[in-house]
Ligand SMILES: [Zn+2]
C-alpha cells in the first residue's frame, strides 16, 4: 500500500479533542503524522487527497450490523455489506450472530472473519450468547473471545431467562466484554407487527407496547446490581437499539447509579416515527418498531445529554420478495449503512444543534469505546489509517438505486441527507471514493 497525504481538511477527532485544520499522513496502513497545514513538508506521498472544505474524521464504527453471511447471501454478503459500509464512511462493523447457521462456535466465527469473505473494512463479530440463540445454554465465551469475539448477543431475540442472562453477564464480565441485549419481552408481543398507538389503530394492526422493551431493560439492570453485590465482578450490559422513552429513562438512572450500562440508538429511531408506515409500507417495519413522537424526542434527548453511547445502524437487508408481502408477514429490518451519517448530520447537527464533534464521537470514538477497541475510532498518530473525508455542507438525497447493498429495503429512498462522503480509507487504503 502506498503512502497517502490528506491535505487542507478540517480534522475532527473527538478522542484527541482536535477540531482544527490539519494535514494527515498515512504510512504502512497507520496514521503516521498529523500536523498544522504545511507542517508535513518533508514527507512525500504518491497519492494526495485534497480535503479543502471537507471534514477529515476517524472512520466510523458500527457495533450492530447484519451481513447475512453465511446462509442468506441472497439478501447481503460480507463483501457487499462492507462495501455499503465503506460508502457510508464506516471502517469497522460488528456482525450480529443471527446468520444461518447461528454464529455460536469458534469455527463459525473464524469462517466469518476470514479474509476470504472479502470484507473491504475491519469486520468484527459478536457471536451468540447462547447456543443457537435458543436462550438456554451459554456458549464458550472464553474460547470465542480468544478467537476475536468483541461481545456476546442473541440479537434478533432477547436472552429471556433470568438465570441465563445472569450467567452470560457474569461470564462476559470475567473477560471484559459486554453482553448486548435485544431488549424485548417476547412473551408480551404475540403477533404484533408495529408500535401500539393511534397509527396501529388506524391500520388495524396489533401493536407492541413500550413495556416489552422497558421490562427487559429493567430486569437486566437489576441483574447488574445483583451481580456486582453478590459476585463482586462488574458486568457490562449494552442495550441495543433503544426505542422507547421509558427504556431511555431506565438507562439514564442506571448510569447515574454507577452501573456499567451502555446503549445505542439507530438513526431511524431518531429520524422517524410510526407515521412513516403510512399505508402499510413494509420498508418502515423493523424491530424494535418505529415509535411515537414522544419516544423519538426521548431518543434525541438521550443523544444530546450523553445517555446514549453510540449510534448503530442495525443494518438489516431483506430481499424485495420478502418485503413485498402483507405487513404482518414481512420480515423486520431496514438497510442503514449508507444513510446513517447523512441522517445524523441532518437531524442531530443541523436540526438539533449538536456539534460536529459530538456527532462524530457518537459514530466513532464512543462505539469503539463500547467494545474497547484500540487504535480505531481516532486519528491519533499510531492508530490504524481509518479515515472518512466528507463534505459537511453537501445536501443530497439518498437514491436507493445507487446502493452498494444487495438489498433496497429502506424508508429513506429520496430522503434528504446532510454531509456527503467523498473518501473512506481503511487501514491506509482507499476503499470508497465518491
Ligand atoms: Zn435486535
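Numbering (our numbering), first residue to last: 3 to 436. Using N, Cα and C, we set each Cβ at its ideal position, and we do this for glycine too. The structure displayed is predicted, hence computed values, not measured ones.
Could you tell me which residues DSSP puts in a beta bridge with residue i?
i, result
"residue 94", "63, 124"
"residue 420", "397"
"residue 183", "241"
"residue 7", "27, 50"
"residue 425", "391, 435"
"residue 266", "312"
"residue 80", "None; residue 80 has no bridge partner."
"residue 116", "Paired residue(s): none; residue 116 is not in a bridge."
"residue 384", "Residue 384 pairs with nothing; no bridge assigned."
"residue 14", "21"
"residue 155", "130, 182"
"residue 411", "Looking at the DSSP assignment, residue 411 forms no beta bridge with any residue, so it has no partner."
"residue 210", "197"
"residue 33", "28"
"residue 57", "12, 392"
Among the residues of its own chain, which have a CB less than 7 Å from the CB of residue i, if the five just before and after it don't count?
i, result
"residue 128", "96, 98, 99, 151, 152, 153, 154, 155, 182"
"residue 201", "276, 277, 279"
"residue 170", "131, 140, 154, 161, 181"
"residue 105", "99, 111, 114, 127, 129, 130"
"residue 29", "5"
"residue 143", "154, 173, 174, 177"
"residue 425", "51, 391, 432, 434, 435"
In angstroms with no decimal places, state the Cα-to-Cα distance between residue i and residue j.
i, j, result
"residue 290", "residue 276", "11 Å"
"residue 258", "residue 148", "32 Å"
"residue 433", "residue 302", "31 Å"
"residue 134", "residue 77", "21 Å"
"residue 44", "residue 37", "12 Å"
"residue 190", "residue 198", "12 Å"
"residue 146", "residue 203", "45 Å"
"residue 19", "residue 355", "19 Å"
"residue 316", "residue 212", "19 Å"
"residue 102", "residue 136", "13 Å"
"residue 256", "residue 419", "34 Å"
"residue 337", "residue 241", "20 Å"
"residue 121", "residue 80", "6 Å"
"residue 298", "residue 239", "23 Å"
"residue 334", "residue 387", "35 Å"
"residue 244", "residue 346", "16 Å"
"residue 403", "residue 71", "22 Å"
Please list, in chain order, all residues of the same chain as residue i whose beta carbon is under 8 Å from its beta carbon, the five residues on each side excluded.
i, result
"residue 252", "216, 219, 220, 223"
"residue 82", "406, 407, 408"
"residue 23", "10, 11, 12, 13, 38, 39"
"residue 422", "344, 392, 393, 396, 398, 436"
"residue 193", "208, 330"
"residue 237", "171, 172, 174, 175, 181, 225, 226, 229, 230, 262"
By DSSP, does residue i sit in helix, in strand, or in coil?
i, result
"residue 1", "For the chain, the structure presents residues 3 to 436; residue 1 sits outside this window and is missing."
"residue 336", "coil"
"residue 329", "coil"
"residue 108", "helix"
"residue 219", "helix"
"residue 139", "coil"
"residue 307", "helix"
"residue 130", "strand"
"residue 253", "helix"
"residue 102", "coil"
"residue 232", "helix"
"residue 144", "helix"
"residue 447", "As shown, the chain starts at 3 and ends at 436. That puts residue 447 outside it, with no answer to give."
"residue 361", "helix"
"residue 177", "helix"
"residue 149", "coil"
Let me see if you follow: with CB-CB separation under 8 Å, is residue i close to chain B or not?
i, result
"residue 340", "Considering every chain present, this structure includes no chain B. It has just one protein chain."
I'd like the list of long-range same chain contacts for residue i, defined as Cβ closer than 6 Å, with 5 residues on each side in sequence excluded.
i, result
"residue 417", "400"
"residue 214", "186, 187, 190, 191"
"residue 332", "284, 287, 325"
When you compare the segment 380-393 with the segment 301-312, are there three or more beta-carbon pairs, one atom per stretch, that lie closer than 8 Å? These segments do not touch.
Practice problem: Decide if the segment 48-67 is in contact with the segment 399-415; the criterion is three or more beta carbon pairs, one per stretch, under 8 Å apart. | Solution: Verdict: no, contact absent.
Inset, instruction - Flag this pair as touching only if the segment 357-367 and the segment 217-231 have three or more C-beta atom pairs under 8 Å; answer yes or no. - result: no
At least 3 beta-carbon pairs within less than 8 Å: the segment 28-47 vs the segment 349-361: no
Next item on the list: Give a yes or no on contact between the segment 321-340 and the segment 403-410, applying the rule of three or more CB pairs nearer than 8 Å.
Entry: yes
At a cut of 8 Å, does the segment 53-60 reach the segment 3-23 through at least three beta carbon pairs? yes
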